Structures are given as structure tokens and as C-alpha cells.
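Q: Structure incoming, see below.
Protein chains: 2
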Amino acid sequence: MNGAGNLMDFLDEPFPDVGTYEDFHTIDWLREKSRDTDRHRKITSKSKESMWELIKSLLDAWSGWVVMLLIGLLSGTLAGVIDLAVDWMTDLKEGVCLSAFWYSHEQCCWTSNETTFDDRDKCPQWQTWAELMTGHAEGGGAYVLNYFLYVLWALLFSFLAVSLVRVFAPYACGSGIPEIKTILSGFIIRGYLGKWTLLIKTVTLVLAVSSGLSLGKEGPLVHVACCCGNLFCSLFSKYSKNEGKRREVLSAAAAAGVSVAFGAPIGGVLFSLEEVSYYFPLKTLWRSFFAALVAAFTLRAINPFGNSRLVLFYVEYHTPWYMTTQLGKYPVLEVIAVTAITAVLAFPNPYTRRSTSELISELFNDCGALESSQLCDYVNNPNMSRPVDDIPDRPAGPGVYNALWQLALALVFKIVITIFTFGMKIPSGLFIPSMAVGAIAGRIVGIAVEQMAYHHHDWIIFKNWCRPGADCVTPGLYAMVGAAACLGGVTRMTVSLVVIMFELTGGLEYIVPLMAAAVTSKWVADAFGKEGIYESHIQLNGYPYLDVRDEFTHRTLATDVMRPRRNDPPLAVLTQDSTTVEDAEALIKDTDYSGFPVVVSRESERLIGFVQRRDLTLAIKTARQKQDGVVSSSMVYFTEDAQQLPASDPQPLKLRRILNLSPFTVTDHTPMETVVDIFRKLGLRQCLVTRSGRLLGIITKKDVLRHMAQMMNQDPESIMFN
Amino acid sequence: MNGAGNLMDFLDEPFPDVGTYEDFHTIDWLREKSRDTDRHRKITSKSKESMWELIKSLLDAWSGWVVMLLIGLLSGTLAGVIDLAVDWMTDLKEGVCLSAFWYSHEQCCWTSNETTFDDRDKCPQWQTWAELMTGHAEGGGAYVLNYFLYVLWALLFSFLAVSLVRVFAPYACGSGIPEIKTILSGFIIRGYLGKWTLLIKTVTLVLAVSSGLSLGKEGPLVHVACCCGNLFCSLFSKYSKNEGKRREVLSAAAAAGVSVAFGAPIGGVLFSLEEVSYYFPLKTLWRSFFAALVAAFTLRAINPFGNSRLVLFYVEYHTPWYMTTQLGKYPVLEVIAVTAITAVLAFPNPYTRRSTSELISELFNDCGALESSQLCDYVNNPNMSRPVDDIPDRPAGPGVYNALWQLALALVFKIVITIFTFGMKIPSGLFIPSMAVGAIAGRIVGIAVEQMAYHHHDWIIFKNWCRPGADCVTPGLYAMVGAAACLGGVTRMTVSLVVIMFELTGGLEYIVPLMAAAVTSKWVADAFGKEGIYESHIQLNGYPYLDVRDEFTHRTLATDVMRPRRNDPPLAVLTQDSTTVEDAEALIKDTDYSGFPVVVSRESERLIGFVQRRDLTLAIKTARQKQDGVVSSSMVYFTEDAQQLPASDPQPLKLRRILNLSPFTVTDHTPMETVVDIFRKLGLRQCLVTRSGRLLGIITKKDVLRHMAQMMNQDPESIMFN
């Protein structure tokens, strides 16, 4: 850390790329933080020199807020555009607006003056494809033609989506949240948040959602927002040159993403805090809050319907677990096949044909007296003269029983089809789909309880709280609680789940049942395994993610984990004043370690610092090119003052400036539990192990992860990257 | 850490109190965590032995949730009882219920059949004192008598409160939040969360709030809930014997406290996370969530009015800053004087006489057509035939102007009187009082804007968004935003503030203005100084609190902060095998350090471990009493195997088991920025400084805090405790 600091001062970035990281490597949080402090100090001390420097330092201080503003504006705008495009393209599968083809069904009938609220679905300007082609709106032929074109459009959209992802941006597939979690924990995946990913993910997200596949847009929107964050980081060297600071911006961008995905700014901040982020200081909390606010505001300004909540949901489904199929080897074929099955099976059932957001909205709603939905076909009391708000429980009519069957089928269909949908190579999210499954199940249970309470109000369980003629069971509430429970079981969110749910529904009074659902679903799900879906995904991909939730309670010590092991060759070290350039080059060539400890001498083994492989390679290369007299037999000095050498000796190479003088050390007796804690909390890449001041070995983040996997009886080789 | 671990195994708590802390000392988080893991491992391995051990281990695993349940139940119950008692005693100052003296005004008239909603204030059963004594309800004499008795009751209540606090539990005064923050950060204040404090704080809180003083009950309720948490910790050795685990429970208890103070469970969890807690793992988040849920549920079950929100507010005021008066030396006199002034000045103004919760409630409300409040005395449009929901802006009537004057006076009065109220030796909170000040200011601004918009709707600022005859300004919303802004400025909360505000008001649609207010007030307040009121309080009291928000950006190194300094005597160390019992005792006697490093020898200075002063003292004392042959000239061995000694030598004392073999070390070149980070994130008490494996010095938490104070040009001597 200090080494990097000294470097800046003495030589002002002498070698390009010193202090940067390779792809698929882990960053050193402490070092990044230290580098930023150095930069900050430099600007502060310069700011006293001139007016211009003062202005520059003020701009630097405010650049964080500016980046947040830009992220909020862009992600809000993109979310709004995606919403409008999905709306239009989803309706395009069914028909077209004659007055203006770029209007969605709702907009088309909205502009029609003759429409009243009740039959907003039917207006002359909006024609189904069958109507347009054959002139007949009804009848078997029209139904088949509509069905066929619906499937055809769906196939076209999904084919376009999977092809674009395949050709232009492979990183644009999936929800992106597991990778963002990994990136935020300090891992480098170049291009994952790049401009191409942003562009292709935005376009293919629209296509994938519009195709009616069993997937959601919320996770991908978080990815899109993080791409925006990364884009704006490149405008300010404060963020583009410091991987630690960049991750602070990305945490806030994730909050903005959830904010626009649900119209839930507070939920977004909490999601980023509870689910996604790794290092989340209070400063980032405030900035996330601001970014989420701006994003929600922008989306609201763009949203042409003005109703900011459920209108944000579109065609989305969900899966609670993973499966691989043989089809996985042929991603395009897989997508086409799954789309075809989805479209063919979804069309006939009214609850799967419509968009999931509309479905959830209907399932959440309580039946008013004027409700025309099939779900609200109750037998009304003839004595009830006028519609009132507080309708007592009523017996179900034939429509309700019919709806129950269709809902049950829809539930089975969704669970099965989403098993095959998830993991396909197109953008796909998780949130709303889980909620749909939960909401269907909840509504079915709700109606069942309601009818039991009506017909058997003398049963003990109903006796005390449900007098006959009272409104004591609200099936819509069961649906809402079911949705929360299902989403909670999949992601293991608690606080952010409840906040998102009530920001979505406005149901602040139901906070207690929602919390109870969140806690219960967490307990039940944890009994099957502690990992939420994102952690499972991270583990499947072998990312080096050190989860803060896993408790490490084993009794191992640092000495059991450190390398070299008993029969390994000795630790590769450099000495402070007895290594030649040749030795150093041989060490670099023979090993692939990402850094080397520097000791006083091989005999004393007293540690004086740590040098990064990348920095050492660059320093030697540059010195060989630019510095006269540096040859293979030159001595490499890490000491403060080089000894006086005979004139005949070649020019020595002084490398103290790339030496980290404050490497992190623990003793060999330190319990691994403490070591894990240190790696987690300080975001280390490696840690040296000493005993009575002697260097014994080294523990890297990968060693820690492997050891943890081993202790949990998992395959330690599943940890793939560094 | 490991030392403590070994100790448990080999000797099963050989000396009483080994591993505990002294009063006003800081705990070592890593050590506590390690001790808990040892305990956990022991239980897990035992659980395979017998059924009974298995049940015990299951009970242990669930004890966390059981404690949460108990905390939720007790704190919810206490909050409910306090609410009812305050309600009754506040009304007792004005009169009494004839049908049952234990009814409050509202309950009294509630049970009266003749009452309609409009004149719920007047029912024959409720009589003012003047009515009861003289038979006259109206007239100057009755007014003066009521006034006199109002002041008398107030004085009686506040006298009782201050006396009880003084005599029985001095820790029960104030809001308690700064101390709880300090305790949660790892400081020990014995008795602060004890049973007596719980009892006295509950009783005196009722008295203080009922007396009508300018103070609130929310902060004290957090203190009460934490006392409950501490009480239940003592039921389980898992929590009572481990200061780290105890603090996890206390964090959750703080969430339960806010949950019942506002009826805002989510807000409570976020408050605990953002404002109070220091170490807040996800597990604690889930448990806090559960405790807050149970507490809110219990309170709702007790609450006799059924309306769970604003009814929770009672007589509370606020101050945004501190002052000390000469009266401070005479706490009882001070309380009596301030109560007298408050009561005398508050009675005549209708906005200060009523309870603050009612005031806030009225200020937040929009004026409906039927509203009888003075604030809603608008000139109605005679053409408007029937009351509608959406009333256009109207010109203000004389009542509104009158109310404006009274509100302005109330604002000045509250700000001034609370300056003198705050810091008195009675329980006093901050939340609702700040909101009242903000709400008054907001409502005044709101009415002003409304009238401007009505009379000058051709002005540019109003032109575009306010057509004549539209309802474009809602003064109630201004009051709500003002309240949020004022509370935010005082406490610097952001996310938890907004969540609490909308859990309080149900105003989910106003989330954007509320967020804007929170961000703006934070920016403005931060311009005057970064510290919120709790941090200021902590600093005033000199608690050793390492704030995670302060950024340390100075360029100092560990070598600049460590002791011994240049001209100090050398570091007090023990050697592993050349110290006698006498030497060790002399070292303990001559120094007051809380621990000593152990080195191989004074020449090599190689560090092998660290021993706590307390543990060393106890070990020597116990050995001298119980172990034969241990005399002053006995050698103390910290090595694994003691050397063979001549038979003539006295019995040696082996102390490896109290030696911490993994003390935390940094190099002398480590930037202080990193050291501060390590202290914060790992919760260390001390850290040893080495160079090339040689021990150079030590840095304690107090040294870090002193250095930080010095760097910020504050008095380093303001850090008082260890």
C-alpha cells in the first residue's frame, strides 16, 4: 500500500499500468483505498496553489454526486424506453394499432375517445392480426390465425435476442446479478460492464421479454444500470483509475437499477446493501439513495401513463432452481425450442397469455362489487342494495371455480417451463417471475380459506375471528404474501424484500404479514440449504467470492492452509540486497504467483515487504529498455540505501519504490476463522504467515476459498479464478 | 484469541473472570468471536454423544430467536403500557373522568354513548378540575384555576421524575442513544443497561413526558428496549458470557425499540443499521427484523385504540443543539424551573398546550371541506354545492391568519425552551420534537406558498403548474417534508428517516419529496459540521468511539503513533523464558498497560504473543495460592516445553495457556489510514508494530483516537476512557 503511495510521489507513474490488475484477478481493497487517499491528498495540497487548482479540487469533490446524477438520468431513461418498447412489442404479437402503428394496445385505445374504463380492451383502432387480414374478429379460424402469428412473433423475437447476444456480447446473457456481486466483491471481469454489453443487453432484453418467454427484466435492469455506472466512471480519472472507487459507484448503480425496475427507490438501496454489495460505506449509502431517487424521478417523468407502480411489470416468469439440458450445447436451438413450447402452451390459458404484471396485479386485487374479472364471480347477496367497500364473504360462483382450475394449470406450467428457460443465453431476470408463482399459489389458498370460512364458520379456527356476514378473508392479501414468500425463498432477502413489496403495492398496512412471510420463507428455505440463487450461481461458475454470510467455525489454523505445504518446494522469495536481475527474471518465469515476499536474507527470513509480480515484471522491462547499464548480472536492491559497489560491477536496479512495505501478516497460530474474517473485512488478496518474526508462508484468497470448500466437503477445485 | 481458545479446552475456566473486561474498557471483538466459535464447536461435538446433549445443542442454536421473541414481547408490552400511562397522566393535568378515574379523556368520552365524532372533546363524564371543584366550566376564574392546577401537576411529575433518576438510577437520564452507540461499538459501561435502569427509566419516562416538558419518548424507548435485551441475555450463557454476542442482541433490541416508538418495524431495523450499530452482520439483520416484528405486533395487540400510527405520539419537543446553564449544578432545581416556565408559557397557546403528536397530526393533515380546525378556516366558494375530496386552492380566512401567528410564536417558544430542556437529568428523546419544529415551519411555508399561488397565479413560477381553481398546493405535505428535513438535519439519517416517515404517515406516494428533503437537509447540515447530534454527544462525553464515517486522510504512519515515543522508556515486554514471577509482578505494579507483548528475548525482540494484564494478574495470584512451590523467584514460561531445570530451582509457572499466540501486527511503515481501517473493521483493542520481524511498539485504540483528534486539531485529551 505504502509502496504504491511512494511510487506516485517519487516518479509520478514511471511505468504505464503499474498498480493495475489482470483480467479474472482479484483487487486489493486496502491498496486501492490507499491510492485514492494519496490522490486526494495531492489534489488538496495543490488546491492552495492557484484558483484553477482550487476549482479542480472542488470539481473532484463533487464528481461523485455528478456521476450519481448521470447514472440516475441514464438508467431511468433506459428503463423508460425499455418499458415502452416491451409494451409495444408484446402487443405486436397480438395485433396492431391502425391509427398509429407505434402505439401499444393500451395507448391505442387510450387515445380513442369512445373508450370507457370498462372495455378498454376493445376499441376499433386496435385490430388483431386475424381481424386485419381476414376481417373476422371472432371464430375458430381467427383464433387459429392469431395463435399462429403469436407463436411466430415470439420465435422471431427470441431468435433475434439469442443471435445478438451470441454474436456481439456474450456477457449480456442471464440476469447478471451473480457476476455483479462477484465484481463488487473485488473481482475483475473486463468487458462485463462495457458499452457493447450495455447496448446489446438493452436491445435483447426488450426482445426476450416481448417474446413471452418465462423470464423477467428486473435483474438485467440492474446489470444495465451497472453498465451505465461503469460508462460514467470513465469520465473521471478518480473512478476510472481506481478499482475500489469504481465499485462504490457500481454499488450505487445497482440501487438505481432496482429503483427503476420496480419504481422502488428505497427498496433499491436496501437491495444493493443486503444482496449485492460487498463494501458499502455510509457514504455509498447516501449516494445510492441519491442515484435511486434521480432514477425513479426520471422514469416517472418518462412514463407516459403516469401510474408508476404496476405498469412497470411486463411479461416475466421465474424459476427457483437450475438444470442443464443436452440442448444447452446449442443455445440458439434451445431458445427457439423453449420459446415455441412456451408460446404454444401459454396462449390458450388466459392466466399465462397475459403479461405477468397484469396477472400479479389481478391476483393482488380484492374483488370490489363492480369487478368484472372471472376471479370475482361471486354469488352476490340479493339484499345488498348498492355497492359498498366492505363486502362480506360470499360463496364462490362458477367463474371462480373455473379460474381456480386455470390458475392451478398455470402454476404447474410456469414452474415446469421456467426450469428449462432459466440459464438460456438471453437476458433473463428472477424477481417478478418468482412473485407470479407465489401469487398464484397464494390466491388459490386464499380462495380456499375464504370458502371454508364462509361455509364452515362454526369451525374452531374461524369461530373467534370470523362472524357470518363479515369480510374476514381477503384472497388478494394471500396472493401478496405468497408472492413475497416465494421471492424471499429464492433470493433470501428479508428487509429489502418487504420494502420492495410495499413500495410496489402501497400496502403499508400489511407490513406485519409480509414480514412474517419473509421470515418464514427464509427459515424454510434455509433448512434446505443456506444459499440463495445468486450465491448458487456464483458457486456454479467458480467465482472467487468470499460470502460474508457463511460462518466459518472450523478449528484449523493459518499454518494448515498456508503454502508451501510440508512436501512443497520452499516459498519463492526475493532478498533485499542479494538478488540479481537474472534471478528475479528466472523466478518470474518459473512461477506463476501474483507476487513475492522480500526478506532480509534467506538465513534470517525476516520479512521486509511484498512486491507484485506485475509491478516487478514491468519495472525490470522498463529498466532494461531505458536505464543504461542494467544487465542480467545487475543487483536488485530493495533497501533504502544501496551499498557502495566496486566500479567494475554493473549498475544496480533500485526497486524500493515498487515494494509494499506494509504487507499484511498473521502468525501461524492464528485461527482460520480470524483469517477468513480479515480477508472478508479488509478485502485482502494475500496475507503472509510468520512465526516469531520469521516468514513461513503465504495465504491467498484462493487458498482461503479452497480451504472453505474443503471444510464444507465441496470440491476445492471448483474455485476457478484467482 | 487462540490463547483464550486453548484455555477453555485445557483447563475449562481455571481462574474465574479470565477473559472478562473491566468497567469503562473496550472489548476485543476478534477474541470474543473466537471464544464463541470455541463454545459452539464444543457443543457441536458433544451433541453426538447423547440425546440430551443433542437437545441442548438445538436449544442453543435456537436461543437467539428465543431471545428476540422475548425482547419483542417485553419491549412491545412496555411501550404499550407507557403509551397508556402517558395518555392518562397527560389528561390528568386538565381533569378527571367521573365514571372511572383511570380513563384518559379520550377513553372517557369513547365509552360515553352520547358522543359523536365531532365533539369528542366534550362529554359529561369528563370534567376539568375547575368544573369539579367549583361547578363552573367556563369563565375567567375557571381558566385561572385550570391553569394553576396544570402547572402544579406538571411540577409534581417532573419533580418525581428527576428525584427518582437521581436517587435510584443516574444512568436513566437523557435519551441513551449516544451511550448505546458507544456500548455497541465495544465499550463496557456496567449498569447502563441494568434492571434498575430499566425500571426507573420506564417510570420516569412516563412522568417526564406527562409533565409536558419539551422532550420526547422515542430515544428513551430504544434505551428501554436495550435494557430488555440485556436482561434476556442473562438467561443464556451464550450471550451473558460473551460481550460480542451480547452486542448482536442489543443491536436487534435497538431495532425493536424504534419499532415500538413509531410503530415502524422496517424503520427500526434501518435505524439500528444506519445510526446505532457498529458490527451488524446479516444474521443480526434478520434477527432484528424478527424482534421488530414481534414488538410491533405486541404493541398493536395492546393498543386499545386500534389505530397504530399517530396515536403513538405524545407530549414531546426537541432541541437541535446543546447548552449548559449554571442551573446544571442543581439538577432538581433546574428541572423544576424549566417545567414551570414550560407549563406557564405553553398553556395559553393552543398549539403548545396540546400534545405534540396531535399537533403534528393536525399540521400534516390536508384541509377537507368539513374540517373544523382553525388552520382550515378558508373562504369557501359559495358555488361549491357539496363537499368533494379535491378542493381547489382557496383564499385564507381570518382563522388561518390567526393560526399562523400562533404557530410562529409556538415555533420560537419551542426552539428556545428546548435549548434549556435538553440535557436535563431526566429521560428525554429527540425524534418527534425535531419533527414538530420542522412541521410547524413547513406548514407556515406551505400556507404562504398556497396563498401566493392563489393570489398571484400569473407569476412565472406558478404559471405552468397551477391553473386557477386547481388544488395545486398542499400545505400538509410541506409540513411533512419540513418535519423530515428537520429530523434529518439533527440526526443525519437518510434511508431510515424516509422509511420511518412513510411508515408513520403512510404517505408512500410522497417518497420522492421526502428523499429530496433528506438529501438536502443532510447537505446543508454537513456544511456546518459532519457530526449528527449523537456523535456530538459521544464526543462531549469523551467516549472512545471510532466513527466509521470519519475519513482519515492524513499521511502519518504507524511509527508516528506507536508508543514508546522517541524519549519514552522502552516498551514493557515479557520474555518467553527468562522472566521471574517477581519481574512480572513488578511490571504489573509499575505500569497500567492493559497487556504485555511476549518476546523471544530482549536482544532478538522477536514477538511470540501477547498477554492480557488481567489474565496475567489472575494467573499469578491463583498459582501463588494453589500451586505448591511457586515463589517470587519462580521462572515464568511462555514456551511450549519448559527447559529441564536443576532440582534446586523453584517450581516454574507455565503460562502458555493465557498467551495469545496470534496478536495483531502491522509494520512501522503501515499508513495510519490502514491502521484506522483495521481497528474499525476488526474491532481491535491494540495492535503491535514490527519492523523486519522485530517488535518496535504498540498502538492502542485510545492512541488511534487521540491521534485522530490531534489531526483534526481537537484536544487529544478529550478521549477519556480506555
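Going down the list, the protein sequences come from chains G and U. Residues 1 to 722 (my numbering) make up the first sequence, in order. Residues 1 to 722 (my numbering) make up the second sequence, in order. We put the beta carbon where it would ideally sit given N, CA and C, even for glycine. These numbers were taken from a predicted model, which means no experiment stands behind them.
At 3 residues or longer, what runs of the beta strand (DSSP E) sit wholly inside the stretch 535-604 of chain G?
A: 595-599
Q: Is it the case that the CB of G/Thr-559 approaches a heavy atom of the ligand HEM more closely than 7 angstroms?
A: Looking at this structure, you won't find the ligand HEM or any other ligand, since it has none at all.
Q: Can you give me the C-alpha to C-alpha distance between G/His-554 and G/Met-672, rounded to a whole angstrom?
A: Annotation: G/His-554 to G/Met-672 spans about 8 angstroms, alpha carbon to alpha carbon.
Q: One question on the structure: do G/Leu-273 and G/Phe-280 come within less than 8 angstroms of each other, judged by their Cβ atoms?
A: yes
Q: In whole angstroms, what is the alpha-carbon distance linking G/Ile-183 and G/Gln-686?
A: 18 angstroms
Q: In angstroms with no decimal places, state the Cα-to-Cα distance between U/Val-260 and U/Val-332.
A: 30 angstroms
Q: Along the chain, where does the alpha helix (DSSP H) that runs through G/Thr-674 open and close?
A: Looking at the DSSP string, the run of the alpha helix (DSSP H) that includes G/Thr-674 is 672-682.
Q: Looking at G/Phe-431: is its Cβ nearer than 8 angstroms to the Cβ of G/Glu-218?
A: yes
Q: Check distances from the C-beta atoms of the stretch 280-293 of chain G to those of chain U and list, in chain order, the residues that come in under 9 angstroms.
A: Pro-281, Leu-282, Lys-283, Leu-285, Trp-286, Ser-288, Phe-289, Phe-290, Ala-292 and Leu-293
Q: Considering only residues of the same chain and omitting the five flanking positions on each side of G/Phe-596, which have a CB-CB separation below 8 angstroms?
A: Ala-572, Val-573, Leu-574, Leu-587, Phe-610, Val-611, Arg-613 and Leu-616
Q: When the Cα atoms are used, what is the spatial distance from U/Cys-226 to U/Ala-254?
A: 6 angstroms
Q: Leaving aside the five residues before and after U/Lys-33 along the sequence, list all residues of the same chain whose C-beta is less than 7 angstroms from its C-beta, in chain order.
A: For U/Lys-33, where only same-chain residues beyond five positions count, the Cβ hits under 7 angstroms are Gly-244.
Q: With a threshold of 6 angstroms on Cβ separation, who are the neighbours of G/Phe-236 within its own chain once the five nearest residues in sequence on each side are excluded?
A: Ser-63
Q: Taking only the alpha-carbon atoms, compute the straight-line gap between U/Val-512 and G/Arg-246 and give it to the nearest angstrom.
A: 27 angstroms
Q: Give every residue of the same chain whose Cβ lies closer than 8 angstroms to the Cβ of G/Leu-684, excluding the five residues on either side of it in the sequence, and list them in chain order.
A: Asp-28, Trp-29, Leu-30, Phe-664, Ile-678 and Lys-701
Q: What are the residues in the stretch 475-493 of chain G lying within 8 angstroms of chain U by C-beta distance?
A: none
Q: Going by alpha carbons, who is nearest to U/Leu-199 out of U/Phe-502, U/Phe-462 and U/Leu-164?
A: U/Leu-164
Q: In its own chain, which residues sit with a C-beta less than 7 angstroms from the C-beta of U/Leu-59, not counting the 5 before and 5 after it?
A: none
Q: Does the beta-carbon of G/Gly-139 have 16 or more other beta-carbons within 10 angstroms, so that it is buried, or is it exposed?
A: Exposed.
Q: Mind checking whether G/Phe-297 and G/Thr-505 have CB atoms under 8 angstroms apart?
A: no
Q: With 7 angstroms as the limit, tell me which residues of the stretch 607-631 of chain G have their beta carbon closer than that to any beta carbon of chain U; keep them in chain order.
A: Leu-607 and Ile-608
Q: Consider the Cβ of G/Val-344: report whether some Cβ of chain U lies at a distance smaller than 8 angstroms.
A: no
Q: Hey, could you find the ends of the beta strand (DSSP E) U/Phe-236 is sitting in?
A: No beta strand (DSSP E) holds U/Phe-236; DSSP gives it neither H nor E.
Q: Give the DSSP bridge partners of U/Lys-33, in chain order.
A: Answer by DSSP bridge pairing: none, since U/Lys-33 is not bridged.
Q: With respect to the alpha helix (DSSP H) encompassing U/Ile-719, which residues constitute its N-terminal and C-terminal limits?
A: Careful: U/Ile-719 lies outside any alpha helix (DSSP H) and carries neither H nor E.
Q: Mind listing the chain U neighbours of G/Val-519? Cutoff is C-beta to C-beta under 8 angstroms, in chain order.
A: Trp-286, Phe-289, Phe-290 and Leu-293
Q: In whole angstroms, what separates the C-alpha of G/Asp-560 from that of U/Ala-527?
A: 52 angstroms
Q: Name the chain G residues that come within less than 8 angstroms of U/Ile-678, Cβ to Cβ?
A: Leu-682
Q: Quick one, which residues of the stretch 238-258 of chain U are near chain G if we go by CB-CB under 9 angstroms, in chain order?
A: none
Q: So which residues of chain G does U/Pro-265 contact, with C-beta pairs closer than 8 angstroms?
A: Ile-511, Val-512 and Met-515
Q: Is it the case that the Cβ atoms of U/Met-562 and U/Val-689 are separated by a distance below 8 angstroms?
A: Their beta carbons are under 8 angstroms apart, which means U/Met-562 touches U/Val-689 by this criterion.
Q: With contact counted as at least three CB pairs below 8 angstroms, one residue from each stretch, are the stretch 541-552 of chain U and the stretch 593-607 of chain U in contact?
A: The stretch 541-552 of chain U is not in contact with the stretch 593-607 of chain U.
Q: Between G/Thr-342 and G/Leu-213, which are expected to be in contact by the criterion C-beta below 8 angstroms, what is the C-beta distance as a whole number of angstroms?
A: 6 angstroms
Q: Whose Cβ in chain U lies nearer than 7 angstroms to the Cβ of G/Phe-24?
A: Here the premise fails: no neighbours, minimum Cβ distance about 26 angstroms.
Q: What would DSSP say about U/Thr-494, mapped onto helix, strand or coil?
A: coil
Q: Is it the case that the Cβ atoms of G/Leu-514 and G/Val-498 are separated by a distance below 8 angstroms?
A: Yes, these two residues count as a Cβ contact at 8 angstroms.
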